[in-house]
Amino acid sequence: MWRIVHQFGSPPWVYRFCDRVIPWLLPITVVALLTGSIWGLLFAPTDYKQGDSYRIIYIHVPAAVVALAGYYVMALAGLVSLVWRVKLADTAMRAAAPIGAAYTAIALITGAIWGKPTWGAWWVWDARITSMLILFFLYVGVIALFEAYENKTVAARACAILSLVGTVNIPIIYKSVDWWYSLHQPASIKFTGSSAIDASMLYPLLGMIITFYALFALLMMLNLKQSLTEEYAQSAWLNKRLTA
Amino acid sequence: MYFDSVADALAMGGHGAFVWGAYGISFVIIFFVLLRPIMSIRTLNAGIRQEALRKQSAQVAQENAS
Amino acid sequence: MTTALLEARDLSVHKGLRQLLKDVTLCVEPGDLWQLAGGNGIGKTSLLRSFARLASIEVYGDLSRCDDVLYVGHSAALKGAMTPRQNLKYHPSGLCTPTDTEIDEALAAVGLAGYENALTARLSAGQKRRVALARLFLPSGRLWLLDEPFTALDVAGVAVLEQRFTAHAQAGGAVVFTSHQSTDLGDLLSVLDLEQFRGD
Amino acid sequence: MTEARDIDILHYCRSQTVRQLMLMVRSPSEVVNPLLFFLLVIVLFPLGLGPDPEQLSVLAPGILWVVALLSNLMICMRLFVDDLEDGSLEQLAMARVPLSIAVLPQLLASWLASGLLLSVVSPLFGLMLGLPLNVAPVLIASLLMGTAIMLLLGAVGAALTVGVQRGGILLALLILPLYVPILIAGTRALNEALQGGDPSIALALLGAGVTGGLVLAPLAIAAGLRVSLEL
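Protein chains in written order, with our numbering: chain A, 6 to 249; chain B, 398 to 463; chain C, 35 to 234; chain D, 259 to 489.
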C-alpha cells in the first residue's frame with residue numbers, strides 16, 4: 006500500500022505515466038467527443054416538448070456534472086496535500102482548478118443559450134444555473150488565491166484550505182439554492198430530472214458524461230505534465246528523459 | 398440520421414443557431430483548454446533541450462581546452 | 035526525550051523555489067546561549083521562525099522542542115491604543131498571567147518606570163522596543179527565541195539585556211537569538227554561523 | 259528563573275476578550291463605520307427605487323440582508339490586518355493554546371461590535387424600508403445568527419488573504435459565494451414572517467449553521483492564519 010502511495014507521490018513516475026497515457030487518451034477522447042456530439046445532434050430523436058433545442062443537453066449536463074465532480078477532485082488533492090504533505094497533490098490541485106472553471110463556463114454558456122428558446126430569456130435564475138454560477142465563482146476564487154501568493158508552496162496550502170471549506174459548503178449551497186428556487190418558482194420545465202427520458206435520448210447523454218470525465222482526466226494529465234515540466238526543468242531525470 | 402436533410406439538421410426546427418452555437422462555443426473552449434498545456438509543454442521542452450545542448454557543448458569546449 | 039530544550043536535525047528551510055538553509059543541526063540545552071549569525075538574507079529570521087514553528091510549510095527535517103517558548107519578533111505585538119502595562123498584561127501570547135507588581139518591576143528593569151500608564155503610541159521606537167523586551171523580565175518561557183533583540187537599544191539597554199540573558203541561562207533557561215553584531219556575553223555564548231548551512 | 263505558570267484556557271480567553279474589547283472601545287470608529295455604511299446604503303435604496311412604501315417593504319428583506327452581508331464583508335476585510343502588521347498574530351500563534359481557540363476572543367469581540375449591534379438596531383432600518391414592527395423579533399433573531407455565520411466564514415477568507423497585497427477584493431471573491439445559503443435562509447425567515455407564515459424552519463437552519471460554523475470554522479481560520487504567518 007505504502008509503495009503505491011509513494012509511487013503516486015513520485016514526480017518521475019507520474020510524469021512517465023502521463024507521458025504514456027496521453028498519446029492514447031487524447032485521440033480516444035477527441036473521437037468520443039465528436040461521435041457523442043454527432044449522435045446527440047443528428048441521431049437522437051427530438052424532444053416533443055422542447056423541440057430540437059433540447060440537444061444542448063448533451064453538452065450542458067455532462068459539463069455541469071463533471072464540473073461539480075472536479076471540485077471534489079481538487080478538494081481531495083488539497084486534503085492529501087494538507088495531511089501527507091505530498092508536493093504532487095499541490096500540483097494536482099493546481100491542475101484541476103482551470104479545468105473545472107472551463108467546465109462551469111461551458112455549462113453556464115450553454116445553459117444561457119438553451120434558456121433563450123426555452124424561456125425566451127438569455128438568463129433565467131434556474132436552480133441548476135444559479136448553483137453553477139456559484140461553483141464558477143468558487144473555482145475562480147481558488148485560481149485567484151493561488152495567483153495572489155508569490156510563494157507557490159504557500160499558495161498551494163492556502164488553496165487546499167479554501168477548497169476544503171468550499172467542499173463542506175457546496176452541498177449546503179446546492180440544497181439552499183434548490184430550496185430557494187422551489188419556493189420562488191414552481192418547477193415548470195426542468196432541464197433534467199424527468200425520469201421518463203427515453204433510452205434513445207439517454208444513451209448519448211451517458212456517453213457524453215463518460216466522455217467529459219475522460220476529457221477531464223486527459224486535461225488533468227496534460228496540466229500535470231506541464232506543471233511538472235515547469236517545476237523540474239533543472240532535474241536530472243527530466244533532462245535525461247527529454248534528451249535521450 | 399434523425400433529420401431528413403442537411404438543411405433540416407442545420408435548422409434544428411428553427412433553433413439551429415442556438416444548438417449549433419452552443420456546441421461551437423463549447424468546442425472552442427475545450428480546444429483552448431487542451432491547447433494551452435500542450436503548447437506550454439512544447440515550449441518548456443524546447444527550452445530544456447536547448448539548455449542541455451548548451452551545457453554539453455560547454456563541457457566539450459572545456460575538455461578540449463584542458 | 036532528552037533534556038534538550040530544542041533539537042533540530044538536518045533541518046532544511048526553503049523559500050519558494052529557493053533553498054535557504056540545509057542540514058541545520060542544533061541542540062539547545064538548558065543554560066545555552068546561542069547566537070544565529072550570518073549576513074543579510076542568509077535566513078536567520080526564517081530559521082528562528084521555523085524553531086518557533088511559525089514557519090512549517092517550507093521546513094523539512096526533524097525538529098523537537100519544549101512547549102514553553104517565548105518568541106519576540108521584529109514587530110512587537112504592541113497596540114498603540116493601550117498602555118505598556120495593559121499590553122503586557124493582556125499579551126496575546128498569554129504565556130504568563132503576571133500581576134501588576136511584576137509588570138511594574140519588569141518595566142522598571144528596562145528603564146520605563148513612570149511610563150506604565152502612558153499610551154504606547156506616544157512612546158519612541160526605542161521605548162517600544164523596551165516594552166517588548168520587558169516580557170523577558172516577566173516569569174515566562176524557558177526557551178527564548180529572539181529576533182534581533184539588540185536593535186534600537188542604546189548601550190545601557192544592551193548591557194541590561196545581556197545581563198538578563200546570562201541570568202536566564204544560569205537559571206536553567208536557554209536563549210536563541212539572531213544578531214549580526216558581536217556581543218559581550220562571554221563564554222556562555224555559542225555562535226552558530228549559518229554560512230556553513232547555505233542551501234543550494 | 260521562575261517556574262512558568264500553567265496556562266488555563268478559560269483564563270486566557272477571558273484576558274484576550276478584555277484586550278479585544280479594550281481595543282474596540284479605544285477606536286470607536288471601527289465599530290461605528292460598518293453601521294454608518296449600513297445606514298447609508300439603506301438610504302440609497304429608496305432614492306433609487308422610489309419612495310413607495312409598499313414596493314419598498316416587498317424588497318426590504320432582500321435589501322436588509324444584502325446590505326448586512328456587505329457590511330460584514332467590510333468588517334472581515336479589516337479583521338486580521340492590524341494584528342498581522344504589528345505582530346499580534348504571531349504572538350497569538352505562539353500561545354500555548356490551540357490557535358483555533360485563541361482566535362475565538364477576537365471573533366467574539368468583532369461579533370459583539372458588528373453582529374450584535376447591527377441586529378439590535380436593524381428594526382430601525384427595517385422601519386425606514388417600510389417593514390412592520392411585528393417582524394422585528396424575526397429580523398433580530400435571523401440577523402444575530404446570520405452575522406455570526408458570516409463572521410465565521412468571512413474570518414476564514416480573511417485569514418487566507420490577510421498576507422496578500424490587495425487582499426480586499428480577493429476576499430470578496432472568496433467568501434461572497436459561501437454566503438449564499440445564509441442570504442437565502444435569512445431572507446426566507448423574514449419573508450415568512452412578513453406573510454404570516456412560519457419562519458422557524460429558516461431560523462433553525464441558521465441555528466444549525468452557527469453550530470456547524472463554530473465547530474469547523476475555527477479550524478480553518480487557524481490553518482489559514484498559519485499560512486499567512488509563513489510569508
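We treat Cβ as the ideally placed atom computed from N, Cα and C, and that holds for glycine.
Small disclaimer: the values here were computed from a predicted structure and weren't measured.
For residue 157 of chain A, the closest Cβ of chain B is not nearer than 8 Å. By the criterion of at least three beta-carbon pairs nearer than 8 Å, the stretch 70–85 of chain A is in contact with the stretch 213–227 of chain A. Counting every other CB atom within 10 Å of its CB across the protein chains shown gives residue 204 of chain A a total below 16, marking it as exposed. The residue from C:118, C:64, C:126 with its alpha-carbon nearest to that of residue 134 of chain C is C:118. Residue 428 of chain D and residue 150 of chain A have their C-alpha atoms roughly 7 Å apart. Taking C-beta atoms as the reference points, residue 349 of chain D and residue 132 of chain C fail to come closer than 8 Å. Secondary structure at residue 345 of chain D: coil, using DSSP grouped into helix, strand and coil. Counting C-beta pairs with one atom in each stretch, the stretch 94–101 of chain A and the stretch 176–184 of chain A have fewer than three that are closer than 8 Å, which means they do not touch.
Annotation: residue 158 of chain C is outside any alpha helix (DSSP H) and is labelled neither H nor E by DSSP. The criterion of a C-beta distance shorter than 8 Å is not satisfied by residue 198 of chain C and residue 76 of chain C. For residue 15 of chain A, the secondary structure class from DSSP, reduced to helix, strand or coil, is coil. For the C-beta of residue 56 of chain C, not a single chain A residue is nearer than 7 Å; the gap to the nearest is close to 16 Å. Leaving aside the five residues that flank residue 229 of chain A on each side, the residues in its chain whose CB is nearer than 7 Å to its CB run, in chain order, 19, 23, 96, 97, 100. Closest by C-alpha distance to residue 108 of chain A, out of B:456, B:443, B:430, B:449, is B:430. Put simply, the backbone Cα of residue 171 of chain C is about 7 Å away from that of residue 143 of chain C. Runs of the beta strand (DSSP E) spanning 3 or more residues and lying entirely within the stretch 45–107 of chain C occur at 52–62, 67–71, 93–99, 103–106, in chain order. Distance from the Cα of residue 105 of chain C is smallest, within the candidate group C:213, C:46, C:174, C:223, for C:174. When secondary structure is reduced to three states using DSSP, residue 127 of chain A falls in the coil class, being assigned neither helix nor strand. Taking a beta-carbon distance threshold of 8 Å, residue 455 of chain D does not count as an interface residue toward chain A. A check of alpha carbon separations from residue 209 of chain A across A:17, A:42, A:159 identifies A:42 as the nearest. Sequence-ordered contacts of the stretch 77–102 of chain C with chain A read 91, 92 [C-beta pairs closer than 8 Å]. Shown here, residue 438 of chain D sits in a helix according to DSSP, grouped into three states.
Residue ranges of uninterrupted alpha helix (DSSP H) with 4 or more members, entirely inside the stretch 179–211 of chain C and ordered along the chain, are 189–204. Counting only Cβ-Cβ distances below 9 Å, residue 455 of chain B has no contacts in chain A at all, with the closest Cβ about 15 Å away. Scanning chain B for C-beta atoms nearer than 8 Å to the C-beta of residue 230 of chain A yields 434, 438, reported in chain order.
The C-beta of residue 220 of chain C has fewer than 16 other C-beta atoms within 10 Å across all chains shown, which makes the residue exposed. For the options A:249, A:242, A:245, A:237, the alpha carbon positioned closest to that of residue 441 of chain B is the one of A:237. Per DSSP, reduced to three states, the secondary structure at residue 225 of chain C is strand. For residue 387 of chain D, there is no enclosing alpha helix (DSSP H), since its DSSP letter is neither H nor E. Using a CB distance cut-off of 8 Å, residue 162 of chain A counts as an interface residue toward chain C.
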